[in-house]
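Residues 1 to 172, numbered by UniProt numbering, are exactly what the sequence shown covers, in order.
These notes are about the structure you will find just below.
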Amino acid sequence: MYSQIVPNLYLGNVRSRNFDSSPPDCHTCVSVGVYDMKRPSWAENYVFYQLVDRATVPESQMQYIIEDSADFIEAHISKGVLVHCGVGVSRSAFVVIGYLMLKRQMSFERAYEHTLARRPCICPNEGFCQYLRKLDGDLATRRREQIRTQLEQVEASLEGAKSLALSSTTCM
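Below is the structure:
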């Protein structure tokens with residue numbers, strides 16, 4: 001019914017929401033539904049995303065779903081989060097892999113393999129994978145820019161320290 005992907009993050013199918021109680025290692029769970037279904041009785045909070053398939057969803061909506069669900073999961077992960085869809089194979093896997101990429105700094109390939117190792121039945125559709133590969137490239141570019149900026153700041157600090165050291169030796 002559901003699989004633990006990382007501590008307190010579960011990926012499941014429609015049956016996962018029918019438990020009378022939360023997953024056994026969660027005190028309180030929240031749930032992210034990736035299609036039209038009611039809130040599980042045990043879920044303290046519930047977020048629903050309408051995501052039918054990649055062919056019918058514009059990229060801007062996919063970006064919103066991935067970013068918003070990743071923020072929601074991150075905010076509630078200490079309580080336990082179940083991400084579910086009909087079969088627990090494509091839409092929910094899309095959201096979980098996106099979370100791992102955005103919040104755990106995993107590449108698409110690493111996040112996919114990590115999730116697949118814990119839930120062997122995942123198979124996000126090609127449109128979702130295509131979007132996640134694009135996201136992977138965007139995230140890699142952002143990380144390179146952050147590193148470049150940090151290196152420039154370090155170099156500027158070193159130049160400033162070098163100038164200060166030279167000026168203090170010439171004053172003696």
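Using N, Cα and C, we set each Cβ at its ideal position, and we do this for glycine too.
query	result
Run the CB neighbour count on Ile147, radius 10 Å, all protein chains shown included, and call it buried at 16 or more, exposed below.	exposed
I need the straight-line Cα distance from Lys79 to Ile73, nearest angstrom please.	10 Å
For the alpha helix (DSSP H) that Gln63 lies in, which residues bound it at each end?	Glu59 to His76
Rounded to whole angstroms, what is the Cα-Cα separation between Ser107 and Leu166?	44 Å
The beta strand (DSSP E) spanning Ile97 covers which residue range?	No beta strand (DSSP E) contains Ile97, which is instead part of the alpha helix (DSSP H) from Arg91 to Lys103.
Looking at C-beta atoms only, is the number of pairs between the region 97–114 and the region 55–71 that lie closer than 8 Å three or more?	yes
Between the C-alpha atoms of Ser3 and Tyr112, what's the straight-line distance to the nearest angstrom?	14 Å
Let me confirm a value: Tyr131 is counted as buried when at least 16 other C-beta atoms fall within 10 Å, else exposed. Which label applies?	buried
Just mark Arg144 as buried or exposed, buried being the case when its beta carbon has 16 or more other beta carbons within 10 Å.	exposed
Between the Cα of Arg91 and the Cα atoms of Gly12, Asn8 and Pro7, which residue gives the shortest distance?	Gly12
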